[in-house]
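I have placed the structure first, in the form of structure tokens, so that the comments after it can refer back to it.
Residue numbers (this note's numbering): 5 to 173.
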């Protein structure tokens, strides 16, 4: 089987950046807690919406490892290439998504990028129009969880390109 590294050499691509730290090996209890949090956070949420949230947060956080993982998982679950590609420019590509998905994507951005120090009321209220309170609580938990995963991935420089869909299950 050819690996991504072998492909890189044969195609003249840049070398992979080495992983800084295999944090899950050195902090296994934290990793296990994150897996439990992930499992709890996704309960009751539409799987397609959940993947869109994970992809959008990972785009904003520049987490290549999570982008590799969640785009592959989304594709394996039947998500369209067009919706995944357009997610980076969702405001100009609104017609690819439902109003509920748009509210979740906008909330994902507000929670992920806290440059103003808060989630705007209008963003929260729009999400609250599309999600009942238990589902909204789950959505917020899902957004917080992917942001935590992104921080591990970016800080430890986890390498994208080797993930196989379903590989984290």
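Where a beta carbon is used, it is the ideal one built from N, C-alpha and C, also for glycine.
Here the structure is a predicted model, which is why all the values come from computation and not from measurement.
DSSP state of residue i mapped onto helix, strand, coil
i: residue 5; result: For residue 5, the pLDDT reaches just 41, beneath the cut-off of 50, and the residue's location in the model is therefore unreliable, although a value from the coordinates is still provided. It is coil, neither helix nor strand.
i: residue 99; result: helix
i: residue 156; result: helix
i: residue 107; result: helix
i: residue 19; result: coil
i: residue 167; result: coil
i: residue 118; result: coil
i: residue 132; result: helix
i: residue 161; result: coil
i: residue 150; result: helix
i: residue 89; result: helix
i: residue 83; result: coil
i: residue 123; result: coil
Distance, residue j Cα to residue i Cα
i: residue 54; j: residue 34; result: 22 Å
i: residue 31; j: residue 153; result: 14 Å
i: residue 142; j: residue 118; result: 19 Å
i: residue 19; j: residue 68; result: 15 Å
i: residue 188; j: residue 124; result: One cannot answer for residue 188 here, as it falls past the ends of the chain, which runs 5 to 173.
i: residue 135; j: residue 52; result: 15 Å
i: residue 15; j: residue 101; result: 36 Å
i: residue 105; j: residue 29; result: 35 Å
i: residue 63; j: residue 40; result: 23 Å
i: residue 137; j: residue 144; result: 10 Å
i: residue 37; j: residue 96; result: 37 Å
i: residue 127; j: residue 115; result: 10 Å
From the options, residue whose alpha carbon lies closest to that of residue i
i: residue 47; options: 70, 75, 146; result: 146
i: residue 85; options: 67, 68, 56; result: 56
i: residue 93; options: 110, 82, 79; result: 110
i: residue 65; options: 107, 148, 170, 165; result: 148
i: residue 27; options: 81, 169, 158; result: 158
i: residue 162; options: 52, 17, 22; result: 22
i: residue 167; options: 63, 37, 50, 78; result: 78
i: residue 164; options: 40, 116, 73; result: 73
Contact belief for residue i with residue j at Cβ below 8 Å, rounded distance in angstroms
i: residue 4; j: residue 113; result: The displayed coordinates of the chain run from 5 to 173. Any statement about residue 4 would go beyond what the structure contains.
i: residue 107; j: residue 139; result: Going by Cβ atoms, the distance from residue 107 to residue 139 rounds to 11 Å, so no, they are not a contact pair.
i: residue 150; j: residue 76; result: Incorrect: roughly 15 Å between the Cβ atoms, too far for contact.
i: residue 170; j: residue 80; result: 7 Å
i: residue 160; j: residue 71; result: At roughly 15 Å, the Cβ-Cβ gap does not stay under 8 Å, so residue 160 and residue 71 are not in contact.
Interface flag, residue i vs chain B, CB-CB below 8 Å
i: residue 143; result: Looking for chain B here will not work: only one protein chain is present.
In the segment 23-73, which residue ranges form an unbroken alpha helix (DSSP H) of at least 4 residues, counting only runs that do not cross its ends?
DSSP runs (the alpha helix (DSSP H)) wholly in the segment 23-73: 27-30, 32-45, 51-65.
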